[in-house]
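Enquirer:
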Amino acid sequence: MNSRFIRTNSSSRCDGKSEHEMNNGGDESSQYPFVRILSMRGGDGHNSYSTNSLLQRRVLLMTKPILIKNTKEMMTDLDFPKCIKLADLGCSSGQNTFLVMSEIVNAINVLCQKWNQNPPEIDCCLNDLPNNDFNTTFKFLTFFNDKLTSKIPCFISGVPGSFYSRLFPRKSLHFVHSNYSLHYLSEVPDGLEKNKMSLYITSSSPLSEYKAYLNQFQKDFMTFLRMRSEEMVSNGRMVLTLIGRKTLDDPQYRDCCHWLSLLSDSLCDLVFEGLVSASKVNSFKVPFYDPNEEEVKEIIRNEGSFTVNDLEAHLFDLGLSNEDYGLQSDRPKAGEKEANCIRAVTETILVAHFGDAIDIDTLFEKYAHHVSQHASCKNITSVSLVVSLIRK
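To convert, note that position 318 of the sequence shown is 318 in full-length UniProt numbering; the numbers rise steadily by one, no gaps.
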């Protein structure tokens, strides 16, 4: 019988603070309170993440071979457990998380049939911050059921909480997945005030700014690995995908088509036109870091709980270099498409910081225009890093 149910778990302490907040003195992100509510835009409307997450779906399709490979290796290494606990960390809202879960469940089913093993019961845990729109996600349960190729019993649960803290009991997880989430930091680094009118690192940023972002990423990724090392069984697997970068020689370089560079340009347009204050823009920084392969490998090696099984870097873009948008007449369409994608990702924190001081519609009209101007950009440095890890 294919039974499914939904439950929600809370990973908060009795005093309301996460373990990560306690480790950081309890004042996490006090200068940038919007980080606490970092989430994609909910619902299923025109500007929602659910409607504008095709990029993330393209990334999931790209990583499918590694996902299937590690699922099968996990099952054989663990000698076909009777119960499997899966977690998608940073699941956001919409159907993408169920694409991942269905791929894993179907791979388990195929392997069990091949080896004449009884399929396990599967606990699918969907995690994101408490402000995430879990309701929209759960509306896609029928989509998940339709994707399954067998009647393996799957139990779906929502787990609100930061993945920079403990979320699950010790040694309970068999497989962890995270797609396009770990490049978001737990807080904005200190000491960024010298980089005026820019949301993120640029080629003109002081080296200290790059080091501040790198240090914060090292701290956060180390915490993430340590938390998962406590929660995972030996020989459990993780498949993590995050935005990275290709350049090794110039740590400050970001391509002119970098999405945060374009967003900075769009905000500067509003300042120039008197639609928002320069001081308000100067005080807005994004909790984001795009590491290169060496930075990721070094942190994994220093933390020590995991072995790298696969590590791949794939050149990726937001769609503006696709041949579909090669014609001059198609560029506005490309710009609007990317603007909708970035709006779905950033609107929550933009509104939290700027409030009524900014017109979101106007901002992303500016963004779409900048994308159309850069539609012929050839030097794409945006990279998707895919790493699979084995718990020692």
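Every residue gets a Cβ at the ideal spot worked out from N, C-alpha and C, and that includes glycine.
Kindly say whether S165, judged by its beta-carbon, lies nearer than 7 Å to any beta-carbon of chain B.
Expert: This model lacks chain B altogether, as it is built from one protein chain only.
Enquirer: Given a threshold of 16 other Cβ atoms within 10 Å of its Cβ, counted over all protein chains shown, does L320 qualify as buried or as exposed?
Expert: Confidence is the limiting factor: at L320 the pLDDT is only 46, short of 50, which leaves the residue's position unreliable, though a coordinate-based value still follows. With 16 or more Cβ atoms within 10 Å of its Cβ, L320 is classed as buried.
Enquirer: Residues in its own chain within less than 7 Å of V308 by CB, not counting five upstream and five downstream?
Expert: Cβ within range, chain order: K297, I300, V387 and L389.
Enquirer: Where does S181 fall in DSSP's three states?
Expert: The answer is coil: DSSP assigns S181 none of H, G, I, E or B.
Enquirer: Give me the residue from L267, I152 and G274 with the minimum Cα distance to E121.
Expert: I152
Enquirer: To the nearest angstrom, how far is it from the Cα of S382 to the Cα of F224?
Expert: Rounded to the nearest angstrom, the two C-alpha atoms are 23 Å apart.
Enquirer: Could you give the C-beta distance for S178 and L67, rounded to a whole number, given that I count them as a contact under 8 Å?
Expert: Rounded, the Cβ-Cβ distance is 11 Å, inconsistent with contact.
Enquirer: Should A357 be labelled buried (16 or more other beta-carbon atoms within 10 Å of its own) or exposed?
Expert: A357 comes out exposed.
Enquirer: Does DSSP put S388 in a helix, in a strand, or in coil?
Expert: If DSSP states are grouped into helix, strand and coil, S388 belongs with the strands.
Enquirer: Whole angstroms are fine: how far does the CA of Q218 sit from the CA of A212?
Expert: 10 Å
Enquirer: Please list, in chain order, all residues of the same chain as R226 whose beta carbon is under 8 Å from its beta carbon, the five residues on each side excluded.
Expert: Within the same chain, R226 has close Cβ partners E303 and S305.
Enquirer: To test your reading of the DSSP string, which unbroken beta strand (DSSP E) runs of 3 or more residues are found completely within the segment 128-188?
Expert: 154-160 and 173-179
Enquirer: Would you mind giving the Cβ-Cβ distance between N282 and K196, rounded to the nearest angstrom? I have them listed as a contact below 8 Å.
Expert: 5 Å
Enquirer: Residues in the same chain with beta-carbon distance under 7 Å from N109, minus the five sequence neighbours each way, listed in chain order, please.
Expert: P119, T149, S150 and I152
Enquirer: Here's a check: name, in chain order, each residue in its chain whose Cβ is nearer than 6 Å to the Cβ of I84, leaving out the five neighbours to either side.
Expert: P120, I122 and H174
Enquirer: With a threshold of 16 other CB atoms inside 10 Å of the CB of Q113, please say whether the residue is buried or exposed.
Expert: With fewer than 16 other Cβ atoms within 10 Å, it is exposed.
Enquirer: Using three-state DSSP, classify V239 as helix, strand or coil.
Expert: strand
Enquirer: If you drop the 5 nearest sequence neighbours on each side, which residues of the same chain put their C-beta closer than 7 Å to that of T97?
Expert: D88, C91, L126 and T137
Enquirer: Let's test the definition: count the other Cβ atoms within 10 Å of the Cβ of T247 and tell me whether it reaches 16, buried, or not, exposed.
Expert: exposed
Enquirer: What number of angstroms, rounded off, separates the C-alpha of E231 from the C-alpha of V276?
Expert: 45 Å
Enquirer: Identify whether D310 lies in helix, strand or coil by the three-state DSSP scheme.
Expert: Reduced to three states, the DSSP call for D310 is strand.
Enquirer: Drop a sphere of 10 angstroms on the beta-carbon of D146, count the other beta-carbons inside from all chains shown, and report buried for 16 or more, exposed for fewer.
Expert: Result: exposed.
Enquirer: Given a threshold of 16 other Cβ atoms within 10 Å of its Cβ, counted over all protein chains shown, does R245 qualify as buried or as exposed?
Expert: buried
Enquirer: State the Cα-Cα distance for the pair Y289 and L214, rounded to the nearest angstrom.
Expert: 7 Å
Enquirer: What's the C-alpha gap between V159 and S229?
Expert: Straight-line Cα distance between these residues: approximately 18 Å.
Enquirer: Can you pull the DSSP bridge partners for D123?
Expert: K85 and F155
Enquirer: For R170, which residues in the same chain have their Cβ closer than 6 Å to its Cβ, ignoring the five residues on either side in sequence?
Expert: Contacts found: E230.
Enquirer: With Y213 as the anchor, note down where its alpha helix (DSSP H) starts and where it stops.
Expert: L207 to E231
Enquirer: If you count every other CB in all the chains shown that lies within 10 Å of the CB of S198, and 16 or more means buried, which is it?
Expert: buried
Enquirer: Taking the continuous alpha helix (DSSP H) assigned at S261, which residues delimit it?
Expert: W259 to F272
Enquirer: Which residues share a DSSP beta bridge with S382?
Expert: R245
Enquirer: What are the partner residues of F288, as DSSP defines its beta bridges?
Expert: Y184
Enquirer: Does DSSP put S234 in a helix, in a strand, or in coil?
Expert: strand
Enquirer: Starting from T362, follow the alpha helix (DSSP H) in both directions and report where the run begins and ends.
Expert: I360 to Q373
Enquirer: When you compare each of S102, F364, T76 and M101 to N116 by their alpha carbons, which one comes out closest?
Expert: T76
Enquirer: Taking buried to mean at least 16 other C-beta atoms within 10 Å of its own C-beta, is G335 buried or exposed?
Expert: buried
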